[in-house]
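According to the numbering used here, the sequence shown is numbered sequentially starting from 125. Some notes on the structure that comes next.
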Amino acid sequence: MSDEEIQTMNRPPVVRTTPDRPLPAPVHVAPTWLGPVLIVGIVLAALNLRPAITSLGALFEETRTGLGMSGTVAGLITSVPALCFAVFGVTAPRLSRRFGPAAVICAGMVAVTTGLLIRPFADSAAAFLAASALSLAGIALTNVLLPVIVKRYFPDRVGTMTGLYSMALAAGTSLAAAATVPLTEALGGSWRTGLLMWALLALVAVLPWLPIARASRPAARAERAAAADSAEGADVRADTGPRIVRSRTAWALACYFGLQATGAYITMGWLPQIFRDAGVSASTAGVLLAVTMVMGVPLAFVIPGLAGRMKNQGAIAATLGLFGFAGYLGLYLAPAAGAWAWALMLGVSNCAFPLVITLIGLRAKSPAGVVKLSAFAQSTGYLISIPGPLVIGTLYQHSRGHLPAVAGGGWDLPLVLMAGLLVPQIALGILAGRDRTIEDECGMRD
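As structure tokens, this is what we get:
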């Protein structure tokens, strides 16, 4: 062996790097407790995504009278959730990139708690609206980022975890609808007390997200550093950004989300009033709304799992829409006589929400794609849903003022409109259910 060969063997190895292939960032191993605490945090956060809305629905008549709202202003109040979800939901991707999704969800839960603490002490409709908007801003951020947390930490159990938090969301919705009136009466009968007590549930939800946000901080910093140093990371951000508007699937999902949200917020805001105008007592009307919401508990767990096993989910969307048709027809013909049946049918129809959340996870390949699709579909969808409750409130006031003798308080025209919106909803659900991804449609990178 020559001296040159010996020198070559003893020479230390050279690690070569190229500008387009930087060294990988260090891997941060998540603590063993993070998984179980994340599941608890997801469930508690989901429990608090609707009580701010359905508790108000159960006491809407008392709140409206106490604050001196007209029918049109009351319709505006029921449109505020959709407006806040659209305005604040669109900021979620940017906040998530900067602080990490767990930290943003933690801040969102704090905002929900604060708004619910302030709202009952409002002395005007404007102050009530502002406090509600604070809570709804926190809900909006959490709405968008929970699917991202699921995709990131449970990539092989998207359907199961989506079903779990959809079930928790439905449970919180129905609990607030059923328990608000009885608890209000037990605590003295003030609608302010009835709304205030839901701040306690929101406060509990903050607790697990504090350690989750702290434990997720190193991973969030590593991701920011990798994205800043890697040319490939910059390309991914560019690819997954504005090009999403070119995806037909993204637009179908956004419009489907908007129409199902329209139906859901009309139901949560006005269904108790429909039953009360038909002669049903206030407490029973609240329980009927709870029945509508509680249908989402088992179905929110079943539908995502079923959708995850199917290549095309259009049939599920069509079936849910047909249940909605049956429910609205029943409310039109015999609102009081068949109240329990109509509440059940509308509850099944409202399970379009867990379906569309599952579709967001299925129609994107990567966490980056999911966060963009989730923000786009939810923000655009909630913008679409804003006019619905307001129009229903205006029609209700007009019908009540001009047709006082009509049984049911003049709900015929609003109910026809609600049923009519299900036609495009079904069509869009079939389009969104096709087996394709936004990355494939837009040439995005995974």
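Backbone N, C-alpha and C define an ideal beta-carbon position, used for all residues, glycine too. Just so it is clear, the structure is predicted and the values come from calculations on it, not from any experiment.
{"Item": "Pick from Val164, Gly313 and Thr202 that is closest to Ala110, judged by C-alpha positions", "Value": "Past the edges of the chain, shown from 125 to 570, lies residue 110, and the structure says nothing about it."}
{"Item": "Beta-carbon proximity of Phe209 to Asn267, cut-off 9 Å", "Value": "yes"}
{"Item": "Thr104, DSSP secondary structure in three states", "Value": "Given a span of 125 to 570 for the chain in the structure shown, any question on residue 104 remains unanswerable."}
{"Item": "Pro513 classed as buried or exposed, judged by whether at least 16 other C-beta atoms fall within 10 angstroms", "Value": "buried"}
{"Item": "Beta-carbon separation (whole angstroms), Ala402 vs Ala460, contact threshold 8 Å", "Value": "4 Å"}
{"Item": "Pair within 9 Å by beta-carbon distance, Ala337 and Ala227", "Value": "yes"}
{"Item": "The alpha helix (DSSP H) enclosing Gly159, as first and last residue numbers", "Value": "Leu158 to Leu171"}
{"Item": "Through-space distance from Pro538 to Val547, alpha-carbon basis", "Value": "15 Å"}
{"Item": "Residues near Val480 by beta carbon distance below 7 Å, same chain, minus five either side", "Value": "Leu377, Tyr380, Phe381 and Gln384"}
{"Item": "Expected contact under 8 Å - CB spacing of Pro478 and Pro511 to nearest Å", "Value": "Actually they do not touch by this definition, with Cβ atoms about 24 Å apart."}
{"Item": "Ala310 burial status per 10 Å Cβ neighbour count (16 or more: buried)", "Value": "exposed"}
{"Item": "Coil, strand or helix - Gln502 by DSSP", "Value": "helix"}
{"Item": "Minimum C-alpha distance to Gly287 - residue among Arg370, Ala170 and Trp466", "Value": "Ala170"}
{"Item": "Below-9 Å beta-carbon distance, Val234 vs any chain D residue", "Value": "Note that chain D does not occur in the displayed structure, where there is just one protein chain."}
{"Item": "Residue from Ser407, Thr443, Leu412 and Lys435 with nearest C-alpha to Leu423", "Value": "Thr443"}
{"Item": "beta-carbon Tyr452 near the ligand PLP non-hydrogen atom, thresh 8 Å", "Value": "Only the bare structure without any ligand can be found here, which leaves the ligand PLP out of the picture."}
{"Item": "Buried or exposed by the 16-neighbour rule on C-beta atoms within 10 Å, applied to Ala324", "Value": "Note that residue 324 is Leu in the sequence shown here, rather than Ala. Leu324 comes out exposed."}
{"Item": "Cβ distance (whole Å) where Lys496 is taken to contact Ile368 below 8 Å", "Value": "5 Å"}
{"Item": "Straight-line gap, Ala326 to Asp536 (C-alpha atoms, nearest Å)", "Value": "37 Å"}
{"Item": "Reduced DSSP secondary structure (H/G/I, E/B, other) of Arg400", "Value": "helix"}
{"Item": "Spatial distance of Thr342 from Ala501 (CA atoms)", "Value": "For the record, residue 342 in the displayed sequence is Pro; it is not Thr. Looking at the two C-alpha atoms, the distance is approximately 29 Å."}
{"Item": "Reduced DSSP category for Phe278 - H, G, I as helix; E, B as strand; rest coil", "Value": "coil"}
{"Item": "Separation of Pro225 from Leu219, as counted between CA atoms", "Value": "8 Å"}
{"Item": "4 or more residues per run - each alpha helix (DSSP H) lying fully within the region 418-506", "Value": "420-433, 438-457, 463-473 and 476-486"}
{"Item": "Leu183 versus His522: straight-line alpha-carbon distance, rounded", "Value": "22 Å"}
{"Item": "Cβ shell of Leu468 (< 7 Å), same chain only, five flanking positions each side left out", "Value": "Val415 and Met419"}
{"Item": "Nearest neighbour of Lys435, chosen from Ser503, Leu470 and Thr561 [CA to CA]", "Value": "Thr561"}
{"Item": "Extent of the continuous alpha helix (DSSP H) to which Thr178 belongs", "Value": "Pro175 to Ala182"}
{"Item": "DSSP three-state assignment for Ser340, whether helix, strand or coil", "Value": "helix"}
{"Item": "Cα-Cα separation between Tyr289 and Ala300, rounded to whole angstroms", "Value": "16 Å"}
{"Item": "Euclidean distance between Cα positions of Leu395 and Val472", "Value": "15 Å"}
{"Item": "Spatial neighbours of Val234 in its chain, beta-carbon cut-off 8 Å, leaving aside the 5 residues before and after", "Value": "Gly262 and Val330"}
{"Item": "Contact under 9 Å by Cβ, Gly232 with Leu180", "Value": "no"}
{"Item": "Leu537 - containing alpha helix (DSSP H), residue span", "Value": "Asp536 to Gly544"}
{"Item": "Ile166 vs Ala292 beta-carbon contact at 9 Å", "Value": "yes"}
{"Item": "DSSP-derived helix/strand/coil call for Leu311", "Value": "coil"}
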